[in-house]
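Accompanying notes for the structure given below.
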Ligand SMILES: Cc1cc2nc3c(=O)[nH]c(=O)nc-3n(C[C@H](O)[C@H](O)[C@H](O)COP(=O)(O)OP(=O)(O)OC[C@H]3O[C@@H](n4cnc5c(N)ncnc54)[C@H](O)[C@@H]3O)c2cc1C
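Chains as they are written, first to last, in the working numbering: chain A, 11 to 299; chain B, 9 to 181.
As structure tokens, this is what we get:
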């Protein structure tokens with residue numbers, strides 16, 4: 011790697027100020043599991059890395075009772091999320107997803123904020139957060155704002171961050187008691203080839219579907235809501251929906267636009283989408299007692 | 009890898025930083041460059057050659073060391089991150105001539121052939137068993153999925169880890 015300086019910053023404000031001062035010559039540095047790989051390979055170089063792990067309070071996981079939500083600091087590592095009692099109690103689906111990410115070494119070091127801000131299309135949590143309607147809190151020295159997942163992820167490797175802006179927190183609204191989720195992924199290499207999340211809300215008798223959300227990740231430049239699949243499942247009885255889940259899977263696959271690459275051909279990935287939508291739907295359903 | 013990178017500028021002009029950290033129970037105070045990886049510092053400055061470089065992208069697990077007990081990829085984690093912390097490498101396991109029970113278990117279970125992945129396997133096993141002393145086969149597979157071996161076919165590694173788990177539980181019930 012080319013030489014660089016590291017700046018430990020005590021606050022978001024300081025990090026933002028340094029970003030303004032150094033411009034393109036600086037980059038925020040969290041776990042470094044992505045950033046250092048691109049720097050080691052010589053693709054990118056920055057003279058200044060701004061270490062935000064030294065900002066206190068950015069790696070907390072809290073349950074917010076007022077809004078019944080999880081507040082996840084951007085510097086929280088994957089391993090923290092996987093093992094957190096708060097996550098296991100309030101959103102076990104997130105713990106399930108986190109456990110499968112990368113390997114234990116990357117999960118020990120890599121942060122949830124780094125995963126989102128790198129905006130690599132093969133992201134597990136992005137697919138789940140889209141389904142859950144997570145909100146991303148951004149802050150700079152001068153302003154704060156909140157974006158939805160879809161607004162935050164502009165395109166592959168392109169988060170909606172201003173040059174002096176940080177992601178500080180991810181707020182995840184918690185599903186109600188009559189909602190359960192399923193998550194399915196399939197993988198050949200380090201990162202998932204296809205990922206699918208389903209959130210299923212049933213009526214009180216658990217016989218009819220009140221709402222269903224289906225998101226598909228890794229196949230397009232960013233995760234998307236498979237609205238065509240949702241339309242085929244929504245409003246149905248559970249029995250009808252199980253039959254329709256085959257069609258719903260295919261409808262989701264039609265909305266996917268994968269490319270041929272080392273993870274497989276486009277047609278193959280579409281087939282995976284179709285199957286994983288069905289499986290995630292079934293997984294969500296089996297979580298109702 | 010930067011070890012022999014021609015583009016590297018002369019050492020004198022590069023930014024440096026002082027760090028204090030502990031490696032295998034021994035304290036070190038070093039002046040390093042922020043860009044140095046933990047692996048580079050362990051091998052090139054401290055002469056600890058047990059930590060190997062292989063894929064260089066955090067996939068294979070060969071360079072696994074424990075940082076405050078947590079497995080990390082020394083190929084990519086900066087040495088700077090070890091400041092004020094404890095690093096355990098494969099050299100830190102045996103007490104003199106006496107092997108660590110996990111090392112013995114890998115011999116008994118024939119958990120290696122060429123040995124290149126073994127330091128990483130053993131250190132990952134140590135972290136796994138510290139966290140989960142009696143792991144199921146699925147727990148072991150999940151935790152160890154990022155440590156690759158191209159010789160054994162893994163069966164003997166799984167056996168070795170189970171032997172290690174039994175040994176350690178007998179030792180400290
Ligand atoms: C071998 C391997 C396997 C992987 N497998 C998976 C997988 O299966 N599923 C999956 O979803 N992901 C996977 N990943 C991705 C992994 O989750 C990310 O590497 C990790 O979460 C990135 O976090 P970091 O803290 O290391 O980011 P860094 O490398 O520190 O930063 C990444 C980028 O984000 C910016 N950034 C970081 N934090 C902030 C912030 N708070 N505000 C603004 N910008 C910020 C940095 O400037 C940089 O540009 C894998 C990665 C590797 C290396």
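Even for Gly, the Cβ is constructed at its ideal location relative to N, Cα and C.
Q) Given a threshold of 16 other Cβ atoms within 10 Å of its Cβ, counted over all protein chains shown, does residue 51 of chain B qualify as buried or as exposed? A) With 16 or more Cβ atoms within 10 Å of its Cβ, residue 51 of chain B is classed as buried.
(Q) Within the continuous alpha helix (DSSP H) that includes residue 129 of chain B, where are the two ends? (A) 126–139
Q. Is the beta carbon of residue 139 of chain A within less than 8 Å of some heavy atom of ligand 1?
A. Flag unset: Cβ of residue 139 of chain A not near ligand 1.
Q | C-beta atoms of residue 86 of chain B and residue 24 of chain B nearer than 9 Å | A | no
(Q) Is residue 32 of chain B close to chain A? Criterion is C-beta to C-beta, closer than 9 Å. (A) Taking a beta-carbon distance threshold of 9 Å, residue 32 of chain B does not count as an interface residue toward chain A.
**Q.** Of the listed residues B:167, B:107 and B:138, nearest to residue 145 of chain B (C-alpha basis)
**A.** B:167
Q) Where do the ends of the beta strand (DSSP E) carrying residue 27 of chain B lie? A) 25–31
Q) So, is residue 288 of chain A buried or exposed, given that buried needs 16 or more other C-beta atoms within 10 angstroms? A) The residue in question, residue 288 of chain A, is buried, as its Cβ has 16 or more Cβ neighbours within 10 Å.
Q | Proximal chain B residues relative to residue 13 of chain A, where beta-carbon distance stays under 7 Å | A | 17, 22, 23, 41 and 43
Q: Measuring only between beta-carbons, confirm whether residue 151 of chain B sits less than 9 Å from chain A.
A: The C-beta of residue 151 of chain B comes closer than 9 Å to at least one C-beta of chain A.
Q | Any chain B beta carbon closer than 9 Å to residue 99 of chain A | A | no
Q: Report yes if the C-beta of residue 186 of chain B is less than 8 Å from at least one heavy atom of ligand 1; otherwise report no.
A: Lying outside 9 to 181, the shown extent of chain B, residue 186 of chain B is not represented and no answer is given.
(Q) Can you tell me which residues fall inside 5 Å of ligand 1, judged by beta-carbon distance to its nearest heavy atom, and keep chain order? (A) A:37, A:38, A:40, A:41, A:42, A:43, A:44, A:45, A:84, A:111, A:112, A:116, A:120, A:121, A:123, A:124, A:125, A:127, A:128, A:133, A:134, A:176, A:177, A:200, A:201, B:66 and B:67
Q. If we ignore side chains and look at the alpha-carbon of each, how far apart do residue 246 of chain A and residue 72 of chain B end up?
A. 51 Å
Q.
Does the beta-carbon of residue 234 of chain A, which I'm using as the reference point, lie nearer than 8 Å to any heavy atom of ligand 3?
A. Ligands present in the displayed structure are limited to ligand 1, and ligand 3 is not among them.
**Q.** Cβ neighbours of residue 55 of chain A in the same chain (closer than 7 Å, five flanking residues each side left out)
**A.** 12 and 49
Q) Quick one: Cα of residue 167 of chain A to Cα of residue 65 of chain B, how far? A) 19 Å
**Q.** Residue closest to residue 165 of chain B, alpha-carbon to alpha-carbon, out of B:174, B:175, B:152 and B:176
**A.** B:152
(Q) In this structure, how does DSSP classify residue 107 of chain B when only helix, strand and coil are distinguished? (A) coil
Q. Are any of the Cβ atoms in chain B nearer than 9 Å to that of residue 200 of chain A?
A. yes
Q: Note down, in chain order, every chain B residue with its Cβ under 7 Å from the Cβ of residue 43 of chain A.
A: Within chain B, the C-beta atoms nearer than 7 Å to that of residue 43 of chain A come from 66 and 84, in chain order.
(Q) So for residue 31 of chain A, helix, strand or coil by DSSP? (A) helix
Q | Extent of the continuous alpha helix (DSSP H) to which residue 90 of chain A belongs | A | 88–93
Q.
Let me see if you follow: with CB-CB separation under 9 Å, is residue 118 of chain A close to chain B or not?
A. yes
Q.
Beta carbons nearer than 7 Å to chain A: which residues of the region 76–100 of chain B have them?
A. 78, 79, 80, 81, 84, 85, 86 and 88
Q | Where the alpha helix (DSSP H) through residue 173 of chain B begins and ends | A | 163–179
Q: Within 10 angstroms of the Cβ of residue 35 of chain A, are there 16 or more other Cβ atoms? Answer buried if so, exposed if not.
A: Counting the other Cβ atoms within 10 Å of the Cβ of residue 35 of chain A gives fewer than 16, which makes it exposed.
Q: Enumerate in chain order the residues of its own chain whose CB-to-CB distance from residue 84 of chain B is below 8 Å, with the five nearest sequence positions on each side excluded.
A: 45, 64, 65 and 66, listed in sequence order.
Q.
For residue 40 of chain A, would you say it is in contact with chain B, using Cβ-to-Cβ distances shorter than 9 Å as the test?
A. no
Q.
Within a Cβ cutoff of 8 Å, which residues of the same chain sit near residue 33 of chain A, ignoring the five residues on either side of it in sequence?
A. 173
Q | Runs of beta strand (DSSP E) wholly within the region 167–213 of chain A (minimum 3 residues, chain order) | A | 176–183, 189–197 and 202–212
Q. Using 8 Å as the Cβ pair cut-off and three pairs as the minimum, do the region 255–269 of chain A and the region 222–235 of chain A touch?
A. yes
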